[in-house]
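Q: Residue numbers (the numbering used here): 1 to 334.
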């Protein structure tokens, strides 16, 4: 059995967890890591990831430095949610002939939201003979690929609705900060207006579903409001007083004529009651599937990223999405 060599780029909370999951897989070897942060570069990767023993891998400040003493096959990129920021990083990675799996949310299905960058990256990856994939739990699975897969047993489909309701108390601190937990309503609104407070990837999920279903959308909507704490909440990273934002509610819609064919409801709030992931398909037959308690986003994002590596290294070159590659599954060994 050959060993697949991986370079981890970005060693924040998600990148650290990805490294730990990679170490569990037979046939996969982490050979290098990159993170320019002063508290990470120059240190042993095992120390940065909080492991009991060093890995003998020094975190490099940049890719060129990391590539001097390693020959990876694939890169896992966990650095940004923005495709605009990710594309230069990915272009540098693929110039070394590496496949890429990234947690960049806007990369999950950018063909409609950012067509210019999508074409640019697709052509660069095709020329380099490598495949590039953006994935994660959401976008990448729960609110797009999963409902698409469930329609396989339908004779017809009229509409798709997905609700992802999460208690953010169990999520990492950067996630709680990203959804506005602990902000006053004025602070929440200010961040909303600057675009720094939102769930990134909802628009991409809407477009992935529409494209696969053959629905030509006349318009889309993205509605964002705070989840307001009704009483003091102390289970998050900071105490949240009544009347403050406990998190975010965001609804993405895809509309054909006057018909709402896609509804994606994303709610993430500290102390949120009755968390669950629900897919509802109106069609023949109608389908409703509920995951009580919901899927832990941090665990699932890191798991699907690792699981996607086996698929992407044999995928056709170019910019790929979860909707056009063979199904990603768990595997014990490569």
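Ideal Cβ positions, reconstructed from N, Cα and C, are used throughout, including at glycine.
None of the values given here were measured: they were computed from a predicted structure.
1) If I follow the unbroken alpha helix (DSSP H) through residue 28, where does it start and stop?
2) Taking 6 Å as the line, does the beta carbon of residue 41 fall inside it for any heavy atom of the ligand GTP?
3) Throw me the rounded Cβ distance for the residue 162 and residue 264 pair, which I believe falls under 8 Å.
4) Could you spell out the range, first to last residue, of the alpha helix (DSSP H) harbouring residue 231?
5) Assuming residue 249 is part of the beta strand (DSSP E), what are its boundary residues?
6) Using the C-alpha atoms, what's the distance from residue 80 back to residue 45?
7) Is DSSP giving residue 283 helix, strand or coil here?
8) In the DSSP output, what is residue 44 paired with across the bridge?
9) Give me the Cβ distance between residue 252 and residue 289, rounded to the nearest whole Å; I'm assuming they're in contact under 8 Å.
10) Taking all protein chains shown into account, do 16 or more other C-beta atoms lie within 10 angstroms of the C-beta of residue 2, making it buried, or fewer, making it exposed?
11) What first and last residue would you give for the beta strand (DSSP E) that runs through residue 261?
12) Could you check the C-alpha separation between residue 298 and residue 171 for me, to the nearest Å?
13) Assign residue 24 to one of three DSSP states: helix, strand, or coil.
14) Comparing C-alpha positions only, which one of 269, 302, 334 sits nearest to residue 225?
15) Since I believe residue 83 is in contact with residue 114 (beta carbons under 8 Å), could you give me their beta-carbon distance rounded to a whole number of angstroms?
16) Select from 192, 221, 214, 196 the residue whose C-alpha is nearest the C-alpha of residue 203.
17) Can you look up residue 1 in the DSSP assignment and give me helix, strand or coil?
18) Would you report the Cα separation of residue 210 and residue 319, rounded to the nearest angstrom?
19) When DSSP labels each residue in this structure, what does residue 37 get in the three-state scheme?
20) From residue 29 to residue 38, what does the alpha carbon distance come to, in whole angstroms?
21) Provide the residue span of the beta strand (DSSP E) that contains residue 320, from first to last.
22) Going along the chain, which unbroken runs of the alpha helix (DSSP H) with 4 or more residues stay wholly within the region 72-115?
23) Going by the CB atoms, is the gap between residue 231 and residue 109 shorter than 7 Å?
24) Hey, would you say residue 167 sits closer than 7 Å to residue 89, going by beta carbons?
25) Can you give the Cα-Cα distance for residue 278 and residue 69, rounded to whole angstroms?
26) Using a 10 Å radius around the Cβ and a threshold of 16 neighbouring Cβ atoms, would you call residue 196 buried or exposed?
A: So, to answer that:
1) One-based indexing of the chain shown puts residue 28 at position 28. Residue 28 -> not in any alpha helix (DSSP H); beta strand (DSSP E) instead, spanning 28-34.
2) Of ligands this structure carries none, so the ligand GTP is not represented either.
3) The residue given as residue 162 occupies position 162 in the chain shown. The residue given as residue 264 occupies position 264 in the chain shown. Yes, they are in contact, since the Cβ atoms of residue 162 and residue 264 sit about 5 Å apart, within 8 Å.
4) Along the chain shown, one-based indexing puts residue 231 at 231. Residue 231 -> no alpha helix (DSSP H), and no H or E assigned at all.
5) Taking the chain shown and counting its residues from 1, one reaches residue 249 at position 249. From DSSP, the beta strand (DSSP E) with residue 249 extends over 245-256.
6) By 1-based counting over the chain shown, the position of residue 45 is 45. By 1-based counting over the chain shown, the position of residue 80 is 80. Distance between the alpha carbons of residue 45 and residue 80: 20 Å.
7) Against the chain shown, residue 283 aligns to sequence position 283. Three-state DSSP puts residue 283 in a strand.
8) Taking the first residue of the chain shown as 1, we reach residue 44 at position 44. Answer is 58.
9) In the chain shown, residue 252 corresponds to position 252, counting from 1. In the chain shown, residue 289 corresponds to position 289, counting from 1. About 19 Å separates the two Cβ atoms, so there is no contact after all.
10) In the chain shown, residue 2 corresponds to position 2, counting from 1. Label assigned to residue 2: exposed.
11) Start at 1 with the first residue of the chain shown, and residue 261 comes out as number 261. Note, residue 261: beta strand (DSSP E), 259-269.
12) Within the chain shown, numbered from 1, the residue matching residue 298 stands at position 298. Within the chain shown, numbered from 1, the residue matching residue 171 stands at position 171. The alpha-carbon atoms of residue 298 and residue 171 are separated by roughly 7 Å.
13) Taking the first residue of the chain shown as 1, we reach residue 24 at position 24. Note: residue 24 maps to coil in three-state DSSP.
14) Against the chain shown, residue 225 aligns to sequence position 225. Nearest option by C-alpha distance: 269.
15) Reading the chain shown from its first residue, position 114 is the one you call residue 114. Reading the chain shown from its first residue, position 83 is the one you call residue 83. At roughly 5 Å, the Cβ-Cβ gap stays under 8 Å, so residue 114 and residue 83 are in contact.
16) Your numbering for residue 203 matches position 203 in the chain shown. Taking each of 192, 221, 214, 196 in turn and checking the Cα distance to residue 203, the smallest one comes out for 221.
17) For the purposes of this step, residue 1 is taken as the residue at position 1 of the chain shown. In this prediction, residue 1 scores a pLDDT of 45, lower than 50, which makes its location untrustworthy; no coordinate-derived value is stated.
18) On the chain shown, position 210 is the one that residue 210 refers to. On the chain shown, position 319 is the one that residue 319 refers to. The straight-line gap from Cα to Cα measures roughly 18 Å.
19) Position 37 of the chain shown, counted from the first residue, corresponds to residue 37. Coil, per DSSP.
20) Counted from its first residue, the chain shown places residue 29 at position 29. Counted from its first residue, the chain shown places residue 38 at position 38. Cα-Cα distance, rounded: 25 Å.
21) Mapped onto the chain shown, residue 320 falls at position 320. For residue 320, the enclosing beta strand (DSSP E) begins and ends at 318-320.
22) 83-94
23) Indexing the chain shown from 1 puts residue 109 at position 109. Indexing the chain shown from 1 puts residue 231 at position 231. No, these two residues do not count as a Cβ contact at 7 Å.
24) Residue 167 sits at position 167 when you count from the first residue of the chain shown. Residue 89 sits at position 89 when you count from the first residue of the chain shown. Taking C-beta atoms as the reference points, residue 167 and residue 89 fail to come closer than 7 Å.
25) Taking the first residue of the chain shown as 1, we reach residue 278 at position 278. Taking the first residue of the chain shown as 1, we reach residue 69 at position 69. The straight-line gap from Cα to Cα measures roughly 46 Å.
26) For this step, residue 196 is matched to residue 196 along the chain shown. It counts as exposed.
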